[in-house]
Each structure stands twice: as structure tokens, then as C-alpha cells.
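In what follows, a structure is listed as C-alpha cells, so that the remarks can point back to it.
Below, the structure is given as C-alpha cells:
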């Protein structure tokens, strides 16, 4: 069974631009969570989607948004990029929503904002 | 509030045993996870504890004490490939989301 895939793997943008990242969960997994990882803050929860609905949201500004499609694939969007948005963005999938099901992580998208 | 603490860095010698501690304060508790993350790679699942006690899985064991808000990950017979960051994460009962600690970077020396 294929793992979680994320595209693109690397991205360079400039301040003010917007970016869309994509995540395809493990087949059969319906929950997708997004995290931002920076050296100083560690893994910070962004949001979780289940059945095309956002179920949980972390403490990030409204510039960060996401959605989930009927095939469970998910996208996250960051608008008006800031230098501080440079980070590794990880998505994780699990069988169901917010339970103790193990989350499996994708390889991440490394975003650099110049 | 929610808070998870773990040491920032640890070093150990190949073949030795190392214990990585994690303390947490969360709104409710629905389980604690340990993940391993090699530099430049995604976190990979190591263990899950929801009841008090020790869970053993090969060279790795994880312990939980809910009354003390405390867990540890025990790595035995250390190998060079165990050099990685180890992330402690808690699932809060009321939040249904994983809260991660900042991770412990373990370096194993020959």
C-alpha cells in the first residue's frame, strides 16, 4: 500500500505570493491533518479534515486555509506569504477522525519564502 | 493550556541504553504517541500508550504514567541509525488533535 504523498517536495516563493500544497492520504484513510514544522517551534497543528469538512483548527491566522476532496485528497493554501512561513509542511493521514488511530506522515513540502 | 516538555538534545554510545522523558499537561488525555524523525524525513510512528505501564516493541519500549503526566521512550542496544529526533505527542480528549513536543535530538556515537 502506497504511503502518504505530498507535492511539491520543495517550493521557493517570495513575500506576498500565495501557495497551494497537496496531500494524498494512504488509500482508505479519510482523515488528513496538516502540520507546520520549524526548528524553533517543532510540529504545530494547522487543521484536520475528515469527510471534506474541517474538524479541528490550530492557532494559525486566516491566511492558512485548506480543503479536502471527495477522494480524501487534501490541499492547503497560504496566502500573502511572509518570511516566517518558511517551514516544512507535513500532512498526516489516519483511518478516521481525531481518534487514537495512528497518523502516518508524508515526506513534507519544504517551503522557502524569500 | 497544553504543554509538552522533553529534553532538547541527548547523546549516547552505540550499544548503550537511553531513556527520553516527556512530561505533559493537556486538556484531557486520549493517548500518547512517540515518533522518530530522521533529519530531512517525515516522522514515523514508534509507539502508542493510553493505559499506564510499559509497552515493549523490540529494542524500543514506551512507558506511561497518567497520574504523573509522564512518559518515557527507552531505546536499548543503540545503533548508529537511531540518531534522530524523537517526538512525544499527546492526543487531548477534548481537542481530538495531536499536540507535539519540540522533540529530542539523539546523537549516537561509536
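Protein chains in written order, with the working numbering: chain A, 1 to 114; chain B, 1 to 110.
Think of the CB as a built atom: it goes at the ideal place given N, C-alpha and C, for glycine as much as any other residue.
1) Tell me whether residue 76 of chain B sits in a helix, a strand or coil according to DSSP, three-state version.
2) Please list the partners that residue 107 of chain A has in chain B, where partner means a Cβ-to-Cβ separation under 8 Å.
3) Give the interface partners of residue 29 of chain B over in chain A, defined as CB-CB distance under 7 Å, in chain order.
4) Looking at chain A, is there any beta carbon in it that lies within less than 7 Å of the beta carbon of residue 92 of chain B?
5) How would you list, in chain order, the residues of chain B whose beta-carbon sits under 7 Å from the beta-carbon of residue 42 of chain A?
6) What does the alpha-carbon distance come out to for the pair residue 7 of chain B and residue 105 of chain A?
7) Once the 5 residues before and after residue 36 of chain A are set aside, which same chain residues still bring their CB inside 7 Å of it?
8) Report the partner residues of residue 61 of chain B according to the DSSP bridge assignment.
9) DSSP three-state call for residue 95 of chain A: helix, strand or coil?
10) With 7 Å set as the bound, which would you pick, yes or no: does the beta-carbon of residue 64 of chain A sit closer than that to a beta-carbon of chain B?
11) Helix or strand or just coil, what does DSSP make of residue 83 of chain A?
12) Beta-carbon separation of residue 105 of chain B and residue 77 of chain B under 7 Å?
13) Residue 109 of chain B CB to nearest chain A CB: under 7 Å?
14) Show which residues of chain B have a CB atom less than 7 Å away from the CB atom of residue 48 of chain A.
15) Take residue 120 of chain A as the anchor and find which of A:71, A:102, A:109 and A:18 has the nearest alpha-carbon.
16) List the DSSP bridge partners of residue 24 of chain A.
17) Does residue 60 of chain B have its Cβ less than 7 Å from a Cβ in chain A?
18) Name the chain B residues that come within less than 8 Å of residue 45 of chain A, Cβ to Cβ?
19) How big is the Cα-Cα spacing for residue 75 of chain A and residue 101 of chain B?
20) By the 7 Å beta-carbon criterion, what residues does the segment 56–84 of chain B contribute toward chain A?
21) Among A:110, A:92 and A:82, which one has its Cα closest to the Cα of residue 15 of chain A?
22) Using C-beta distances below 6 Å, list every residue in its chain close to residue 110 of chain A, excluding the 5 sequence neighbours before and after it, in chain order.
23) Give, in chain order, every residue of the segment 50–84 of chain A whose Cβ lies closer than 8 Å to some Cβ of chain B.
A quick look at the data gives this:
1) coil
2) 41 and 42
3) By Cβ distance, chain A contributes nothing, its closest Cβ being about 11 Å from residue 29 of chain B, past 7 Å.
4) no
5) 100, 101, 102 and 103
6) 23 Å
7) 44, 46, 87 and 89
8) B:56 and B:74
9) coil
10) no
11) helix
12) no
13) no
14) 97
15) The requested residue 120 of chain A is not part of the displayed model; chain A covers only 1 to 114.
16) A:5
17) no
18) 97, 98, 99 and 100
19) 25 Å
20) none
21) A:82
22) 10 and 88
23) 55, 56 and 58
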